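Below you'll find the structure, written out as structure tokens, and then a few comments.
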Amino acid sequence: MEQKFDAIVVGAGLAGLACAYKLANSGLNVLVMERGKFAGAKNTWGGAFYGPVLYDLISPLWKEMPIERYLVRHVLSFVSEGQCFSVSSESEPSNSPPHNGFSLLRSRFDKWFAQKVSQAGAIIACGIEASDLIWDGPDIRGVKSGNETFHADVVVACDGVHSILARKAGLRGELKPIEVKLGVKEIISLPSETIEQRFNLSGDEGISMQFVGSCTKGLPGGAFIYTNKQSLSVGIVVQLNALVENKSSANDLLEDFKQSWPVKKLIRGGELKEYSAHLIPVSGINMMPHLCTNGLLVAGDAAALVVGTGLILEGGNFAAASGIAAAQTVLKCKEKGDFSVKSLSYYQKLLEDSFVLQDLKTFKKAPHFLENQRIYNEYPDLLCSLMQKVLTNDGQPRTTTWRLAREQMKGKVSLPQVAKDIVQAMSSI
Amino acid sequence: MSHTKLENKLAVNKYDVDRDVHITINEDMCKGCSLHPCLYICPAQCYKQASDGHIIFSYEGCLECGSCRIACDYGAINWSLPRGGFGICYEYG
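Taken in sequence, the protein lines are chains A and B.
Mapping of the first sequence onto this note's numbering: residues 1 to 429, in sequence order.
Mapping of the second sequence onto this note's numbering: residues 1001 to 1093, in sequence order.
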């Protein structure tokens, strides 16, 4: 008789591992299926985890967690050719966890986390892709991998942005280019002392830098730099439909970004260690699939649980929180012995009661707002040239900042247009 | 750092290359497309155009992002992920 699991979790990312950790710790018989050679082998992201979700789940393990650096400074830079205008937010470093944000290298972190999940009693099966679902009438009873079958009371699909399982279950259709951003990233190694000197950091401190404007040649998206212990994560994220329409290559944009003067000096002398690419679901609640059906729950990127407002860029905490909510749901349904869609819809309620769906609803209009081309063209140009004018002394009599602003705006953007965009920003991000 | 050539970037990555191709192109459907977004959308430039106009996919450098599948309006890309354990193997992520 083939072994039957209480739950099969597909995908060893943040959602899947958080889910399996909670289930295994509650004594359930859990199988984690991961298509990578090891947990983390297929996982990449920008760089940072925000909020207390992971700490609340694994606080006893906190000290041994492979965190790269704690974020003490966030810098948002508007870049125009040869110019840069930055806003920096810094807070006095707190030495106590959970810290507001920290950089992680996903391949290393997920590998470590998977070990802890395994120690908690779950089986982590790597190198096995989940290719299909096992159906019993309207109910999902497990997962197929090629000719092999794996049976369980419930399947939690944490199989990423393309979620083959959510599609096979009929919970969602094909992704559209406007719903995703393509992120490409390089890991560039540098000695930790060099990183600390260049970014004015000490010890475990880290920085997150976001760039908007000419770094994407005006296409919707941005660029980023995160500091790790002994490397930098340097990348570009661009709306996929904009790349298609403009016949642009994300890799070319990344290469130009690395060559741009604000960045060149930061990565100087560094050695390329890895080049990765990943799609990010960015349409938020507008693209969210149904979250459950009979015998199946969907979590993390598979459920498009990502919030991007330009200021807030979070997905990891949403993934982990949804994985935990999925585990709580499985535990409750197991007590009742009922894994029907009605019973599993408790998951939807948990997410609605938490920041996960509330944030997605709050920032529902952000994806549309971020399609506004002026954010990536006119506004970075205006901000950069205005500050340049204000701060340049050419020996001539000066004029007020406001008047300079009006001069800069001439022929580029009208005052009512700016006012309209500000109002839209106020209700979107 | 000067511009890094893409082949040098892919060369630092770790792959376990399978003998099986995980993405194929439906040539009949592909023929209808004149823009070929696959040629520039793929961050690993796995798609190349042969002198006779055919699109050729070389799967070895694939980063498994799936951009090609979503960008192709013609549904000409039979997209799947490499078999379990094969393909890109990130060490940093």
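Glycine is no exception: its CB is placed at the ideal position from the N, C-alpha and C atoms.
From a predicted model like this one, the values you see are computed outputs, not experimental measurements.
Inter-residue Cα distance where the pair is B:I1056 and B:D1016: Going from the Cα of B:I1056 to the Cα of B:D1016 covers about 21 Å.
Counting only C-beta atoms, is B:K1005 closer than 7 Å to chain A at any point? Taking Cβ atoms only, chain A never reaches closer than 7 Å to B:K1005, which makes this a no.
Give the interface partners of B:I1056 over in chain A, defined as CB-CB distance under 7 Å, in chain order. Neighbours of B:I1056 across chain A, judged by C-beta separation under 7 Å, do not exist; the nearest C-beta is about 18 Å away.
I need the DSSP call for A:I207, collapsed to helix, strand or coil. Strand at A:I207.
Excluding the five sequence neighbours on either side, which residues of its own chain have a C-beta within less than 6 Å of the C-beta of A:S208, listed in chain order? Excluding sequence positions up to five before and after A:S208, its CB lies within less than 6 Å of the CB of A48, L71, H74, Y226, all in the same chain and listed in chain order.
From A:Q408 to A:S414, what does the alpha carbon distance come to, in whole angstroms? Rounded to the nearest whole angstrom, the CA to CA distance from A:Q408 to A:S414 is 11 Å.
Could you work out which residues of chain A lie near B:V1012, taking near to mean beta carbons separated by less than 8 Å? Close partners of B:V1012 in chain A (Cβ separation under 8 Å): L272, K273, E274, Y275.
Under a three-way DSSP split, which group does A:M33 fall into? DSSP places A:M33 in the strand class (E or B) of the three-state scheme.
According to DSSP, is B:L1081 helix, strand or coil? Correct three-state label for B:L1081: coil.
For A:A305, write down the residues that DSSP places opposite it in a beta bridge. One point to set straight first is that residue 305 of chain A is Leu, not Ala, in the sequence displayed. Note: A:L305 sits in no beta bridge, so no partner.
What span of residues does the beta strand (DSSP E) with A:G127 cover, start to end? Where A:G127 is concerned, there is no enclosing beta strand (DSSP E), given that its DSSP letter is neither H nor E.
With C-beta atoms as the reference, is A:K181 less than 7 Å away from A:G235? Cβ distance not < 7 Å, so A:K181 and A:G235 don't count as in contact.
Pull the bridge partners of B:Y1092 from the DSSP assignment, please. Assignment of beta-bridge partners to B:Y1092 by DSSP yields no partner.
Could you tell me which uninterrupted beta strand (DSSP E) segments, each at least 3 residues in length, are contained entirely in the segment 245 to 287 of chain A, listed from first to last along the chain? Within the segment 245 to 287 of chain A, the complete beta strand (DSSP E) runs of at least 3 residues are 271 to 281.
Decide yes or no for the touch test of the segment 247 to 261 of chain A against the segment 98 to 112 of chain A: beta carbon pairs closer than 8 Å, at least 3 of them. No: the two stretches stay apart, fewer than three of their Cβ pairs being nearer than 8 Å.
Just checking: is the beta-carbon of A:I128 within a distance shorter than 7 Å of some beta-carbon in chain B? Taking Cβ atoms only, chain B reaches closer than 7 Å to A:I128, which makes this a yes.
Would you call the segment 302 to 318 of chain A in contact with the segment 267 to 284 of chain A, where contact means no fewer than 3 C-beta pairs closer than 8 Å? Remark: three or more beta-carbon pairs, one from each stretch, lie closer than 8 Å, so the segment 302 to 318 of chain A and the segment 267 to 284 of chain A are flagged as touching.
Determine whether the Cβ of B:Y1047 lies closer than 7 Å to any Cβ atom of chain A. Not one beta carbon of chain A lies nearer than 7 Å to the beta carbon of B:Y1047.
Spatial distance of A:V418 from A:L219 (CA atoms): One alpha carbon belongs to A:V418, the other to A:L219, and they sit about 19 Å apart.
Does the beta carbon of A:P177 sit closer than 7 Å to a beta carbon anywhere in chain B? At least one chain B Cβ lies under 7 Å of A:P177.
A:Q119 to A:Y21 span [Cα, whole Å]: So the alpha carbons of these two residues sit roughly 9 Å apart.
For A:E186, write down the residues that DSSP places opposite it in a beta bridge. Beta-bridge annotation (DSSP): A:E186 is paired with A:V234, A:Y275.
Would you kindly check if the distance between the Cβ of A:I188 and the Cβ of A:G270 is under 7 Å? The answer is yes: Cβ separation under 7 Å.
Between the segment 30 to 50 of chain A and chain B, which residues of the former have CB atoms less than 9 Å from a CB of the latter, in chain order? Within the segment 30 to 50 of chain A, the qualifying residues are M33, E34, R35, G36, K37, F38, G40, A41, K42, N43, T44, W45.
Count the CB pairs spanning the segment 15 to 30 of chain A and the segment 330 to 343 of chain A that are closer than 8 Å, and state whether there are at least three. Judged by Cβ distances under 8 Å, the segment 15 to 30 of chain A makes contact with the segment 330 to 343 of chain A, as three or more pairs qualify.
B:G1053 burial status per 10 Å Cβ neighbour count (16 or more: buried): Residue burial annotation: B:G1053 is exposed, with fewer than 16 other C-beta atoms found within 10 angstroms of its C-beta.
At a CB-CB cut-off below 7 Å, which residues of chain B make contact with A:L105? Chain B residues near A:L105: Y1092, G1093.
Starting from A:Y70, follow its DSSP beta bridges and name the residues at the other end. As a beta-bridge residue in DSSP terms, A:Y70 pairs with A:F102, A:E205.
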